[in-house]
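Trainee: Using this note's numbering, read the sequence shown as starting at 11 and increasing by one per residue.
Here it is, the structure, as structure tokens.
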Amino acid sequence: MTRKTIPLAGVIGQPIAHSLSPRLHGYWLRQHRVAGHYVPLEVSHRDFEQVLRTLPKMGFVGVNVTLPHKEAALKLADSVSDIAAIIGAANTLTFRKSGRIHADNTDGEGFMANLRTAVPGWKPDTQTVLVLGAGGASRAVVATLVRARTPRILLANRTRARAEDLAEEFGRRVQVVDWHAVPEAIGEADTIVNTTSLGMVGKPEMKLDLTRLRAGQVVNDLVYNPVETRLLAEARRAGAIAVDGLGMLIHQAIPGFEAWFNRRPVPDEGLRAHLLEALA
Ligand code: ATR
């Protein structure tokens, strides 16, 4: 008789207690009746490599990685997807039967899938997209937009030099806009994406002048706590289409769940409600 093993997955980070990923994957495990578990794993930078090498021996089929391990995960992997290499960070690791570790980054895919789902007909290749922020999340968004042939990406960051570094790396379709010129750039953009932490609980509010927001625009905030940020509220008031960050969180999790548990989940309202309950 062959013994069935219970597949394990999780999210490694520090801190990790507030991660919504265990709740998210737990919902799908129950929904698909998979006899597996997804757990939060609080691991320091010092212990990360040792833990990573040990997990496959304990029945883990893969993990998500979050701060501060996203770059280290990429370096330790045996194989890396093209987009993870371009972004320079991994968020999804799959442990192969051979013992090899495969690294992927699904943040950009999640960003794009969320927009396509929330805004039917949304096309990245005919747009001017304004991206606020030049950190890790921005890298994933900009890399994905460049790959999707977005003709014009306006990139603004409080620290201008970081935006210039990104623009240099991703080519001439990325144009740096001064942080003080964001109010005017809002008027020029078809889609606006906030990748900064402004508006997140415990962080400063976004105080930018948002008066040029208008109907027909798409405004996506990657911040999901709170789910309705000032940026999204102002977008709605102006008649623009507001797309919240919870959708991206859900969509970036799909490829990992599918790779580990062989089922492809479809986001539903029940999952959103389940996550919103934890945020409330
Ligand atoms: P993440 O991986 O989530 O993108 P990050 O790399 O720390 O996190 O980037 C945070 C982003 O939020 C940066 O673009 C940061 O701007 P700086 O590069 O100038 O630090 C932006 N950010 C954070 N606090 C901000 C504030 N008070 N005003 C404007 N931008 C801010």
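Virtual Cβ for every residue (Gly too), placed ideally from N, Cα, C.
(1) Collect the residues with a C-beta less than 6 Å away from any heavy atom of the ligand ATR and give them in sequence order along the chain.
(2) Go through its chain and collect everything with a Cβ distance to Q262's Cβ below 6 Å, but skip five positions before and after it.
(3) Here's the rule: buried if 16 or more other CB atoms are within 10 angstroms of the residue's CB, otherwise exposed. What is V53?
(4) Looking at T160 and G257, is the spacing between their C-beta atoms short of 8 Å?
(5) Out of curiosity, what's the CA-to-CA distance linking V141 and L259?
(6) On the criterion of 16 or more Cβ atoms from any shown chain inside 10 Å, does V229 qualify as buried, or is it exposed?
(7) With three or more beta-carbon pairs closer than 8 Å as the criterion, would you say the stretch 170 to 182 touches the stretch 225 to 239?
(8) Could you give the C-beta distance for V211 and L286, rounded to a whole number, given that I count them as a contact under 8 Å?
(9) Using the three-state DSSP reduction, which class does R110 fall into: helix, strand or coil?
(10) Need the endpoints of the alpha helix (DSSP H) that T127 sits in, please.
(11) Look at T6 and V151 and say whether their C-beta atoms are less than 8 Å apart.
(12) For S29, which residues from the same chain have a beta carbon less than 8 Å from its beta carbon, with the 5 sequence-adjacent residues on both sides left out?
(13) For D92, which of F105, R106, A252, A113 has the nearest alpha-carbon?
(14) From this set, A83, G98, T239, which residue's C-alpha is nearest G145's C-alpha?
(15) Three or more beta-carbon pairs under 8 Å between the stretch 131 to 141 and the stretch 190 to 205, yes or no?
(16) Assuming T102 and G266 are in contact, meaning their beta carbons sit under 8 Å apart, how far apart are those beta carbons, in whole angstroms?
(17) Quick one: what does DSSP say T136 is sitting in, helix, strand or coil?
Mentor: Result, derived from the coordinates:
(1) G143, A144, G145, G146, A147, S148, N167, R168, T169, R172, T205, T206, S207, L208, P214
(2) T116, D117, G120
(3) buried
(4) no
(5) 18 Å
(6) buried
(7) By the Cβ rule, the stretch 170 to 182 does not count as touching the stretch 225 to 239, because fewer than three pairs are nearer than 8 Å.
(8) Not a contact, Cβ separation roughly 14 Å.
(9) coil
(10) 117 to 128
(11) Residue 6 cannot be examined here, being either before or after the span of the chain that is shown, 11 to 290.
(12) V21, G23, P50, T76
(13) A113
(14) G98
(15) yes
(16) 4 Å
(17) helix
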